[in-house]
Structure formats: C-alpha cells, structure tokens
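S.K.: Chains as they are written, first to last, in the working numbering: chain A, 2 to 303; chain B, 2 to 303.
Below is the structure I would like to discuss, written out as structure tokens.
Number of protein chains: 2
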Amino acid sequence: MSILVVGSVFFDSIETPHGKVARALGGAATYFSVAASFFAPVQMVATVGDDFPQAEIDFLSRRGVDLSGLQKRPGRTGFWAGRYHEDMNQRDTLDLQLNVFADFKPQLAASHRAAQYVFLANIDPKLQAMVLDQLAAPGVVGCDTMNHWITGSRGDLEQLLGRVGILVINDEEARLLSGERNVVRAARRLLSMGPKRVLIKRGEYGVIQFSADSVFAVPAFPLEEVFDPTGAGDTFAGGFMGELARAGDASEVALRRAIVYGSVMASFVVEDFGMNRLRTLTPDDIERRYRQFVSLTDINGA
Amino acid sequence: MSILVVGSVFFDSIETPHGKVARALGGAATYFSVAASFFAPVQMVATVGDDFPQAEIDFLSRRGVDLSGLQKRPGRTGFWAGRYHEDMNQRDTLDLQLNVFADFKPQLAASHRAAQYVFLANIDPKLQAMVLDQLAAPGVVGCDTMNHWITGSRGDLEQLLGRVGILVINDEEARLLSGERNVVRAARRLLSMGPKRVLIKRGEYGVIQFSADSVFAVPAFPLEEVFDPTGAGDTFAGGFMGELARAGDASEVALRRAIVYGSVMASFVVEDFGMNRLRTLTPDDIERRYRQFVSLTDINGA
C-alpha cells in the first residue's frame, strides 16, 4: 500500500552544541517521506520555490517518492533557522520565512485521491481538512499539529480531530491541547476528541500509545550522542505510517511493531545533521536496530 | 533467600497538590523493607527514637520484617517535612531533623553477617562501607546514594562503588556523579567506577539498566494520578532486590523481571500518601499489575 503525506518542505539552518549546517533539506513532509520510503511507496503533496535544487528532487525520486504532487512555484522555498541549547530539548527559532509555503493549498490529483494511508503533517488544520475533503475513502489517517494551531486555531483543530484515526503529537502539545498535565488523563481527553489512537512522543523517553482499551509504551533507543534532533518526530511518523502501509494492517500488533519501526527511524535521523543519516541508511541497518530494540525492551530477554 | 537492608527510618510530613499528611511512617529502609517483604524475608538495620510507635513495629513485624537490627535509642526518630510542587518532579524540603539518625552506626548481629542479598540505602557512604566490612561474603550488593554525598563525600562514595555490584540511582544523581548529561555516557562512566550494573531511575519515564554488554529499558506504569511520589525510588529498589532474592538468581533475565517487579511496586506506592497503599496491597494485586506491565511493554502483544 502507498502512503500520501501532505506537509512542508523547507530548508533549515541548524545550530546544535555539535556544530552547524546551513540550508539543509528539511520540512515535516520531507522527513516523513524519506523515512516512510524505506517501507512503502510515498506520494508527497507539498510546495517548493523555484530555488529548489534538482539534486534534492533526484534524491527524493531515487527514494521512490512520487513527486507529482510537489508544486513548484515562483519564489523561494520555506526557510527555518534554529539553535538548540546545551539541553537539546530546548531550541530557539532564529528565523522563519514561509515564502511559497504561505500560499500552500493542497490540491490532490486523481492519482492521490484513492490513498488508503494518509498522514497530515503539521500544517494549518484548515488545510489538513481540505486534504480529507478531497480523499475518496481513506483507511488509516494520521495527523500531527503544533502549539501554534492549538492556541490559534483550536476550533478548526477540534473539528479535524473528529475525522482522523491516529493523532501523533508530542507531550508538550498533548498537555496544551488537553489541558491535562498527567499523560494518561491527557490521552483520555484527546481520545474523547475523536481519534481512535493517540501516540504521544516523549523525546528521549520514547513513545506511549493509548486507545480506548490499551496502552503501549516504548523507550527511545538509547544513543551516546544526539547530534541534531531536528525532524525526529516527523521521521518517527514516517517510519510508523510506512510500516503500517507495508503490513497493510492496523491491528494492535501491527501498530506496536510500527511504533518500534518509527522509533528506530527516529534514532537514526538524530545521529547526523538534518536528514544526512537517512541518505546513507540501508534496510539492513533498520532491521539490525529493530532487533536491538526488541532486545532493549524484552522483559524475558537476555 | 533473605535480604539485608541498612538505611533510614523516618517520619515524614508531606504536602502534595492532593492534600497533606503529618508524621507518616517513612525513610528509605522502611519503604525498601515493606516492598521487599512481598517477595522475601527482610532483615532491617536502622535506628529509631523512643517515640517510635509499637503499632508501626507491629506492622513491620506482620510484614515479616526481622527487626532485631532496629536500634531503639533515647531521643526522637528522624523527621522530614516536604512540599511537592504542582509539577511533582519538584519538591522543597521544609524541615529536616536527623535526631537519633545523626548518630547511627550500623552494627550487624551474627545473624545478619551471612546475608547474601544486601541493599545499602541512601546513607553516608562511610556507613555503607562499614556495613560491607561486617559482611562475610555477600552475593548481590545494591546501593543508592544522593546529591548530598556525591558533592560532599565523593572520595568515600567512589571507594564504595568499587565494592558494590548494582548501583541504583536517579537520573539527576547519575548526571551529577558521572559529569555526563547523556544517559548512555553517564551509565558507561558509572560502570567504569566499579558496579557491574547501573540502574537509572527516571521517575515517570521508568528505569534503564546498563551493564558492560546489555541495555534494558522499561517505561513507568502509566497512572492517571500520582498522589504522593515519596518513597517511590526506595520502593522500586525493594521490589527489585526482593524479586532477585525470591528467584535466588541474578542473571540478565532475572534482573529484567526484578526491574519490572520494582516498577510495579513503585507504581502502587505513589497511589496514596506515604506507604499507605503498601499496607493494603496483596500478592494478587502485584501479579495482576505485573501482567498489565508485560502487556504495556510487549512489542508483539495485543
């Protein structure tokens, strides 16, 4: 099964305690697509400016990402610059230029409308809803959001949550959206807003998934060095949705395996700047770390 | 196998966002002993004042705790008062009176010296070493410590770490003792100080165990309400060492199961003030939550 993702493609200038990089390929849809492409064919709907390099188009195409939904428009590609603190859970935005992304309106081609696996990356919930309006009969719909929309577009976001199956959100956003500090209460409140599953990303502490009748928690893969956390959440979502699409299954067991694959992908992307690590990653690397992850978490393991 | 624990018995006055309690039974050795008593016989070495109520002696005895090493001395039992913030990871100490605990010198009776499973709860590392000096040939020795000793008695503590097998410590202490912010680097550094295993307690995010050639991580059991976190770490240690002693085994598999039992015990103790929840807990409660814990963490579960 293929996956449709709608979201941002950006250039990111990033400073971490380990160094810096200028205008690296970034954006939620990009991280998602590249991660998911290791598991299933991906259709990306996004917009870039006329400055977007052919080399990156070629990279995404080689990864099997269908770019027929990538609108190239006059102007510049979106740009973000940020600096991480010594504690890399903290970062400051130094610059944000939406550029062509400011006028992004997702238009789905006929070839996109039959999508069964859909991920609405973090964009205006009005645009996320516009995507759903154009889909024929999506099977598994995941979405992300951020503080900006939670505080500024709560009504739109709440309407959207009534239409998605899986909410993928970080712990701070979960607290803000639910009004609950405790993660269990926060998840129960978010489930009451519509999604059948809520996945809460806890950074270095892993992911916890809630449904009406189950809870599943995994730690993050322990790394000696987190080089650059940018894109980890979107890469998690890409691995997660990618594995669901590969399996063609959204049962509890399939979801748990997909959460581990998402965690594995996120553990790779933070090992280098931007998505550099994903450019050299192999399926063998992924399977090896998946097995390490099983051993890391297996109560009856040795 | 029985377990020997050496540490503090205190009264605690506790305020949390959920209410407050005055002079509740507390202290590291107490939480440890009561938790461990669900798994194996416990010998407690500690000191209390002549104000210590017979009712609490009776409670501990009913739990099968051997109190022949509990020195009752003229004066008052140690006392701590603290207040938790809305974010219960933060607390302020309002009062601390060591009382008879200030002169505590652990003296082991002949019946204690053959102990195979030993836990050195958080006390002056000089006193922890004094306990080891009195033991014949301990098999499994765990220890805890705190910021006070890490900064004030580092030399004594480092000497002690060369003599213990399992260091049980929280994440903040692990960072302080190792000088490393990253949990993997911190653990590697702590392992280089002597212990064969380092267990890092991460509060609501669970526990991660490191040895030279393995890593094991479990989340905390997700609770809708943490009523009072006091004693959670010592209760974890009690369940952990208790299960090791019950199994009579310190293999990787046994350690993993013991970490889960420790986590289960900690998840109960925080459900009520002080150790109230442990007073009504049953072995069935423990086994039921252990099974829930397995389901919570099982990648192949449903």
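The beta-carbon is built from N, C-alpha and C at its ideal position, and this holds for glycine as well.
Between Glu225(A), Glu226(A), Ala221(A), Leu200(A), which lies nearest to serine 215(A) when the distance is taken from Cα to Cα?
M.R.: That would be Leu200(A), whose Cα lies nearest to the Cα of serine 215(A).
S.K.: Going by DSSP, which residues form a beta bridge with leucine 97(B)?
M.R.: Per DSSP, Trp81(B).
S.K.: Return the CA-CA distance between glycine 239(A) and alanine 37(A), expressed in angstroms with no decimal places.
M.R.: Looking at the two C-alpha atoms, the distance is approximately 4 Å.
S.K.: According to a CB-to-CB cut-off of less than 9 Å, which residues of the region 190-219 of chain B neighbour chain A?
M.R.: Here the close residues are Arg203, Glu205, Tyr206, Gly207, Ile209, Phe211, Ser215, Val216, Phe217, Ala218, Val219.
S.K.: Considering just the uninterrupted stretch of the alpha helix (DSSP H) at threonine 1(B), what are its terminal residues?
M.R.: The question about residue 1(B) has no answer here: the residues shown for chain B are numbered 2 through 303.
S.K.: Suppose the cutoff is 7 Å on Cβ atoms and the five residues either side in sequence are ignored; what does the same chain contact list for arginine 314(A) look like?
M.R.: What is shown of chain A runs 2 to 303, which leaves residue 314(A) out entirely.
S.K.: Quick one: is valine 254(B) near chain A, going by C-beta distance under 9 Å?
M.R.: True, the Cβ-Cβ gap to chain A drops below 9 Å.
S.K.: Can you tell which of Leu128(B), Val141(B), Val185(B) has its C-alpha closest to the C-alpha of leucine 158(B)?
M.R.: Checking every option, the nearest Cα to that of leucine 158(B) belongs to Leu128(B).
S.K.: Go to methionine 89(B), then tell me how far its alpha helix (DSSP H) extends in each direction, as first and last residue.
M.R.: No alpha helix (DSSP H) contains methionine 89(B), which DSSP labels as neither H nor E.
S.K.: First and last residue of the alpha helix (DSSP H) that includes arginine 278(A)?
M.R.: Its alpha helix (DSSP H) spans residues 277-281.
S.K.: For leucine 71(A), which beta-bridge partners are listed by DSSP?
M.R.: Its beta-bridge partners are Ala47(A).
S.K.: Taking only the alpha-carbon atoms, compute the straight-line gap between glutamate 225(B) and aspartate 273(B) and give it to the nearest angstrom.
M.R.: Taking the straight line from one Cα to the other gives about 13 Å.
S.K.: Take threonine 48(B) as the anchor and find which of Leu161(B), Asn100(B), Pro42(B) has the nearest alpha-carbon.
M.R.: Nearest C-alpha to threonine 48(B): Asn100(B).
S.K.: So the beta strand (DSSP E) glycine 27(B) belongs to, where does it begin and stop?
M.R.: Counting along the chain, the beta strand (DSSP E) containing glycine 27(B) begins and ends at 20-27.
S.K.: Helix, strand or coil: which one does DSSP assign to lysine 106(A)?
M.R.: Coil.
S.K.: According to DSSP, is aspartate 273(B) part of a helix, a strand, or is it coil?
M.R.: Coil.
S.K.: Given a threshold of 16 other Cβ atoms within 10 Å of its Cβ, counted over all protein chains shown, does threonine 146(B) qualify as buried or as exposed?
M.R.: Flag for threonine 146(B) reads buried.
S.K.: Tell me whether the beta-carbon of glutamate 164(A) lies closer than 9 Å to the beta-carbon of valine 142(A).
M.R.: Glutamate is not the amino acid found at residue 164(A); the sequence shown has arginine there. Contact flag set, yes.
S.K.: Assuming alanine 221(B) contacts glutamate 244(B) (C-beta within less than 8 Å), just tell me the rounded distance between them.
M.R.: The pair is not a contact, with the Cβ atoms about 17 Å apart (cut-off 8 Å).
S.K.: Would you list the residues sitting across from tyrosine 118(A) in a DSSP beta bridge?
M.R.: Beta-bridge pairing links tyrosine 118(A) to Ile4(A), Val141(A).
S.K.: Specify the secondary structure class of aspartate 172(B) as computed by DSSP and reduced to three states.
M.R.: The answer is helix: DSSP assigns aspartate 172(B) an H, G or I state.
S.K.: Leaving out five residues before and five after tyrosine 85(B) in sequence, what residues of the same chain have Cβ atoms less than 6 Å from its Cβ?
M.R.: Within the same chain, tyrosine 85(B) has close Cβ partners Thr17, Arg92.
S.K.: Using the Cβ count rule (16 or more neighbours within 10 Å means buried), how would you classify arginine 203(B)?
M.R.: Arginine 203(B) is buried by the Cβ-count criterion.
S.K.: Is it true that the region 54-64 of chain B meets the region 281-301 of chain A, where meeting means three or more beta-carbon pairs spaced less than 8 Å apart?
M.R.: Result no; under three Cβ-Cβ pairs closer than 8 Å.
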